[in-house]
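Only one structure is covered here, and it is reproduced in the block below.
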Amino acid sequence: MNIFRLLGDLSHLASIFILLHKIRTTKSCAGISFRSQALYVLVYLTRYLDLLWGPWLLYNTVMKLFFIGSSVYVLYLMKFDYKPSHDMGLDNFKVEYLIGGSFVMALLFNLAFTFDEVMWSFSLWLESVAILPQLFLLQRTGEAETITTHYIFALGAYRALYIPNWLYRWVMEGRVEFIAVFAGIIQTIVYADFFYVYFTKVIQGQKFELPA
Amino acid sequence: DELADVHDEL
Numbered sequence: 002m003n004i005f006r007l008l009g010d011l012s013h014l015a016s017i018f019i020l021l022h023k024i025r026t027t028k029s030c031a032g033i034s035f036r037s038q039a040l041y042v043l044v045y046l047t048r049y050l051d052l053l054w055g056p057w058l059l060y061n062t063v064m065k066l067f068f069i070g071s072s073v074y075v076l077y078l079m080k081f082d083y084k085p086s087h088d089m090g091l092d093n094f095k096v097e098y099l100i101g102g103s104f105v106m107a108l109l110f111n112l113a114f115t116f117d118e119v120m121w122s123f124s125l126w127l128e129s130v131a132i133l134p135q136l137f138l139l140q141r142t143g144e145a146e147t148i149t150t151h152y153i154f155a156l157g158a159y160r161a162l163y164i165p166n167w168l169y170r171w172v173m174e175g176r177v178e179f180i181a182v183f184a185g186i187i188q189t190i191v192y193a194d195f196f197y198v199y200f201t202k203v204i205q206g207q208k209f210e211l212p213a
Numbered sequence: 103d104e105l106a107d108v109h110d111e112l
């Protein structure tokens with residue numbers, strides 16, 4: 002555990018609390034992509050298969066259970082409690098291509114051609130693009146509530162912070178997980194435009210608005 | 103080494 006990994010994980014945790022806070026305080030899931038949220042459930046379920054057989058490190062296990070539990074809970078909130086506020090008409094990104102493409106990448110790139118390793122690789126490729134339906138929804142609406150942009154930023158910062166973590170581990174421990182690193186870099190590139198607008202507008206106290 | 107086979111990140 003190094004400072005970058007810890008900050009990345011804390012950023013991931015923060016993103017979930019921000020999202021739950023947004024839904025509860027505004028009593029609405031407007032502006033949140035159900036499709037992205039569903040992809041995250043798939044990401045965590047396929048990545049944390051090792052919860053079934055261990056090893057169960059306390060920190061990792063608690064976090065894994067939290068990420069699975071909270072993502073399922075958000076889906077539940079969106080599907081039932083706050084269903085009328087869901088922008089279903091605009092939230093129509095074709096996730097089939099993301100799932101299919103990630104599966105092909107997982108078949109091509111994996112540490113071993115076993116079910117759990119292919120699923121682990123699949124989860125990383127899928128996570129790298131899972132925010133696309135959310136960013137697409139943002140593009141369609143052209144603006145976003147500030148709290149929603151904080152959520153997206155914290156979620157993106159998690160993987161961005163993992164990049165210096167991987168550099169640190171490569172130098173200090175001689176350890177590199179190439180699939181995670183490549184997928185993490187792709188994920189950060191996917192977020193690049195969003196980060197740019199976030200830093201140039203939201204941080205300066207302006208509303209998140211995309212050019213028409 | 104064996105540890106390297108375990109995915110220890112989130």
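From first to last, the protein sequence lines are chains Y and B. Numbering-wise (the working numbering), the first sequence opens with residue 2 and increments by one. Numbering-wise (the working numbering), the second sequence opens with residue 103 and increments by one. Glycine is no exception: its CB is placed at the ideal position from the N, C-alpha and C atoms.
Backbone secondary structure at residue i - three-state DSSP
i	result
Ala-145 of chain Y	strand
Phe-209 of chain Y	strand
Thr-150 of chain Y	helix
Met-79 of chain Y	helix
Ala-107 of chain Y	helix
Trp-167 of chain Y	helix
Asp-103 of chain B	For Asp-103 of chain B, the predicted structure reports a pLDDT of 43, less than 50, and the residue's modelled location is therefore unreliable. A value from the coordinates is still provided. It is coil, neither helix nor strand.
Met-89 of chain Y	coil
Thr-62 of chain Y	helix
Asp-51 of chain Y	helix
Pro-134 of chain Y	helix
Leu-112 of chain Y	coil
Arg-160 of chain Y	helix
Lys-84 of chain Y	helix
Lys-95 of chain Y	coil
Gly-70 of chain Y	helix
Arg-176 of chain Y	coil
Ser-124 of chain Y	helix
Gly-32 of chain Y	coil
Asp-117 of chain Y	helix
Val-108 of chain B	coil
Ile-204 of chain Y	coil
Residue span of the alpha helix (DSSP H) that contains residue i, given as start and end
i	result
His-13 of chain Y	4-27
Asp-194 of chain Y	179-198
task = With 8 angstroms as the C-beta to C-beta threshold (strictly closer), list the residues of the region 49-65 of chain Y near chain B in chain order.
result = Asp-51, Pro-56, Leu-58, Asn-61, Met-64 and Lys-65
ask   = Listed in chain order, which residues of the region 179-200 of chain Y have Cβ atoms closer than 9 angstroms to some Cβ of chain B?
value = Ala-181
ask   = What residues in the region 108-130 of chain Y bring their beta carbon closer than 8 angstroms to a beta carbon of chain B?
value = Leu-112 and Trp-121
contact_flag[the region 59-78 of chain Y, the region 10-19 of chain Y] where n(CB pairs < 8 angstroms) is 3 or more = yes
At least 3 beta-carbon pairs within less than 8 angstroms: the region 156-172 of chain Y vs the region 200-212 of chain Y = no
query = Is the region 46-53 of chain Y close to the region 131-147 of chain Y, with three or more CB pairs under 8 angstroms?
reply = no
query = Below 8 angstroms, can you find three or more Cβ-Cβ pairs linking the region 80-87 of chain Y to the region 50-58 of chain Y?
reply = no
inquiry  = Is it the case that the region 114-126 of chain Y contacts the region 91-106 of chain Y, given that we only count it when at least three CB pairs across the two stretches are under 8 angstroms?
reply    = yes
At least three beta-carbon pairs within less than 8 angstroms, the region 144-153 of chain Y to the region 167-182 of chain Y = no
ask   = Relative to chain B, which residues along the region 5-19 of chain Y have a C-beta separation below 9 angstroms, given in chain order?
value = Arg-6, Gly-9, Asp-10 and His-13
query = Taking three-plus beta-carbon pairs below 8 angstroms as touching, is the region 33-42 of chain Y in contact with the region 107-120 of chain Y?
reply = no
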